[in-house]
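Residue numbers (our numbering): 1211 to 1519. For each residue, glycine too, the CB sits at the ideal point set by N, CA and C. All values derive from a computational prediction rather than experimental measurement. Structure first, commentary second.
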């Protein structure tokens, strides 16, 4: 006969089993009460001591402010809005926030609870779970989807997203915005002569050189192969050209391990016009890049149709 794996149903054993299970879950079971006057407390808390220490539970049973003081300031308004909405509409509470631990660590918490209306306020029955590992994993996946594997720069997908964001700002406020396209000259010869491993090293070092000269608000991306782009918010073409010329000189003078001067870059730039589409801006910068190559490479060309070019 198969083994009997059922747990005893005796009341005392069931309560003991429930206590053990509650203490071992990666979170906390709670009751949260908010009075009609706005006073908040946790009448019941049980579960993992990693979120709230056992000695704090007595304090929180009378006053929840201690726990709320440890919530990240950026997340606090969103949490309070979710509580208010749940109380008014009597809909489930579903939110997540960052909670500062006693040791200084910050953990991501997901809270799910069902409200229960009382004459003097609202009582929620719910569960809090530590989702820090899940949040970190999701952030890692987002970074992978937006990052070029070889250079660790933004990829084409990320650049297009940033282009849309900055073009929207430029259209709304009339602020300057410039785009720079960079292409390593005769890069096929680098791969054919020194091998693809050395070619990859050149691309990686090229990205590092560019990173050292751009600002935090700029977006440096590898579009693919030996083509790169730099998006410069709040930057007119004259300043973009000056940066491009510094980059060109630095690249030409850098020793990439295949003798100095063997790696150069052609650079095309264009400044966004209010109302212009993303595609049109890219096309004008690309035309400038093509002109730089046609005129002998290792040079910077601005879009001929721009007054600053």
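Annotated three-state conformation of residue 1424 is coil, per DSSP.
Following the DSSP letters along the chain, one finds residue 1332 in no alpha helix (DSSP H) but inside the beta strand (DSSP E) bounded by residues 1331-1340. Runs of beta strand (DSSP E) with 3 or more residues, each lying fully within the segment 1451-1483, are found at 1475-1481, listed in chain order. Rounded to whole angstroms, the separation of the alpha carbons of residue 1290 and residue 1304 is 12 angstroms. The C-beta of residue 1448 has fewer than 16 other C-beta atoms within 10 Å across all chains shown, which makes the residue exposed. Per DSSP, the beta-bridge partners of residue 1393 are 1437, 1476.
By the 16-neighbour rule on beta-carbons within 10 angstroms, residue 1454 is buried. According to DSSP, residue 1509 shares a beta bridge with no other residue.
Secondary structure note for residue 1308: its beta strand (DSSP E) is the uninterrupted segment 1303-1310. The Cβ-Cβ distance between residue 1393 and residue 1498 does not fall below 8 angstroms.
Setting aside the 5 residues that flank it on each side, residue 1244 is surrounded in the same chain by 1250, 1331, 1332, each with a C-beta closer than 6 angstroms to its C-beta; the list follows chain order.
Residues of the same chain with a CB within less than 7 angstroms of the CB of residue 1297, apart from the 5 flanking positions on each side, are 1244, 1325, 1332 in chain order. For a cut-off of 8 angstroms, the C-beta gap from residue 1237 to residue 1338 is around 5 angstroms, short enough to register as a contact. By the criterion of at least three beta-carbon pairs nearer than 8 angstroms, the segment 1435-1443 is in contact with the segment 1381-1390. When 1478, 1273, 1468 are compared, the shortest CA-CA separation from residue 1248 is found for 1273. Residue pairing from DSSP places residue 1241 in a beta bridge opposite 1254, 1335.
Of all alpha-carbon atoms in 1284, 1254, 1488, the one lying nearest the alpha-carbon of residue 1336 is that of 1254.
DSSP places residue 1448 within a helical segment (H, G or I) once states are collapsed to three.
From the listed residues 1315, 1360, 1443, 1340, the smallest Cα separation to residue 1412 is found for 1360. Judged by their CB atoms, residue 1364 and residue 1430 are nearer to each other than the 8 angstroms cut-off. Checking the DSSP bridge columns, you'll see residue 1357 partnered with 1364.
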